[in-house]
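Line by line, the protein sequences are chains R and F. Each residue of the first sequence is one higher than the one before, starting from 0 at the first, in numbering that gives the first Met the number 0. Each residue of the second sequence is one higher than the one before, starting from 0 at the first, in numbering that gives the first Met the number 0. The C-beta atom is built at its ideal place from N, Cα and C for all residues, glycine as well. First comes the structure, then the notes that go with it.
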Amino acid sequence: MSVIEELGLVRIDDRLIHGQVIAVWCKHQPFTRIVILDDGVAADQFMQDVLRLSAPPGLQVEVFSIAEGIKVLSQDTPARRTTMVLLKSPLAAKRLYEGGLKYNALNIGGIGHAPGRKNIFKNISASAEEIVILKELLKQGVKITLLTVPGEKSQAFSDLAGRL
Amino acid sequence: MINIVIVTHGDLGDALIRATEMIAGPSEGLCAVSLMPGESPEGFGDKLAAALQPIEGQETILLIDLFGGTPYNVAARQLLKENVECLTGVNLPMLLELVMARDNAASLAELAESITQKGQESIRNLGPMLGRKRSNESVSA
Chain R
0 MSVIEELGLV
10 RIDDRLIHGQ
20 VIAVWCKHQP
30 FTRIVILDDG
40 VAADQFMQDV
50 LRLSAPPGLQ
60 VEVFSIAEGI
70 KVLSQDTPAR
80 RTTMVLLKSP
90 LAAKRLYEGG
100 LKYNALNIGG
110 IGHAPGRKNI
120 FKNISASAEE
130 IVILKELLKQ
140 GVKITLLTVP
150 GEKSQAFSDL
160 AGRL
Chain F
0 MINIVIVTHG
10 DLGDALIRAT
20 EMIAGPSEGL
30 CAVSLMPGES
40 PEGFGDKLAA
50 ALQPIEGQET
60 ILLIDLFGGT
70 PYNVAARQLL
80 KENVECLTGV
90 NLPMLLELVM
100 ARDNAASLAE
110 LAESITQKGQ
120 ESIRNLGPML
130 GRKRSNESVS
140 A
């Protein structure tokens, strides 16, 4: 099994790269690489250009489908500790985990409101199905933290799960 | 007429429109689309699409607040359409100039370029420009 705990951060944020938030994270952790795992963006060259254009200088941005990403990130790369993996949804996090990329910690930074989703913390909403997925990951031993940017109030999903 | 759509976080776009109309009077072909707290990018994209639908195919300039923010991530895709330009860093001088200059523009691309310059030129650090005068006045006061 790959040594996934060495990944800098595995994060769910449906906004993906949005300048100011990534910039704040980079002040707290020395990221060199952002890896976006999303089937839609992987198939959308223009969206990739839009995201790369606004990424903070010095950050390499790579985009893969989830299946491709599992392969790429399972290989040992020197930049792993400084890699931020960005996912759009709990479903993507589940596919990654079940596909063999066993991360120990998961950050939830932003999931916008949408029909079927209810707000669970600050700017984070989740549907009933997504809550089930997060509870499953929790049961597997993944430490799930709800936190937009370092320095703000965070919430452990384990403390929230009983009420959801 | 060239349409103007302001795409921002919160109510900034509506406030910019009110401020512009305060100076230049009521204006047509001008609207704002706001990303609200907790709104998903997809939901925001749907809202933007609904605002653009009635002016589909017409010349349009999107004024976006923050380069790299979610309104940028969502709205930049409109560049794939012909007759659309996207500018970031929207400020009141840009919007005012656009409202006043849009009817006389040689081309949409040229207008986009001149509005971008206008926005940049409008940002001034007044201290170094007026500082000496201010200290003289405070001495004599």
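query: Within chain R, the residues that N72/F reaches when beta carbons sit closer than 9 Å; result: R14, L15, I16, H17, M46, V49, L50, S53
query: 6 Å CB neighbourhood of V62/R in its chain, flanking five on each side removed; result: I35, V40, A41, Q47
query: C-alpha distance - W24/R paired with V9/R, whole-angstrom precision; result: 12 Å
query: Contact list for the region 93 to 127 of chain R against chain F, Cβ threshold 7 Å; result: G111, H112, A113, N118, N122, S124
query: Entirely enclosed alpha helix (DSSP H) segments - the region 7 to 72 of chain F, minimum 4 residues; result: 11 to 23, 40 to 51
query: Per-residue burial, L53/R [other beta carbons within 10 Å of its own, 16 or more giving buried]; result: The identity of residue 53/R in the sequence shown is Ser, whereas the question assumes Leu. By the neighbour-count rule (16 or more Cβ atoms within 10 Å), S53/R is buried.
query: Burial state of P56/R, where buried means 16 or more other Cβ atoms lie within 10 Å; result: exposed
query: Interface flag, G37/F vs chain R, CB-CB below 9 Å; result: yes
query: For F156/R and I119/R, the rounded distance between their alpha carbons; result: 10 Å
query: Under 8 Å from the C-beta of E41/F: neighbouring residues of chain R; result: D13, G111, A113
query: Close-in-space but distant-in-sequence residues of the same chain around T76/R (CB under 6 Å, 5 per side omitted); result: none
query: Proximity test, Cβ basis, 9 Å: L65/F and chain R; result: yes
query: Contacting positions in the region 7 to 23 of chain F - beta carbon closer than 8 Å to chain R; result: none
query: Cβ-based burial, Q57/F [other Cβ within 10 Å; buried from 16]; result: exposed
query: Three-state secondary structure assigned by DSSP to V49/R; result: helix
query: Closer than 9 Å to chain R by CB, G68/F; result: yes
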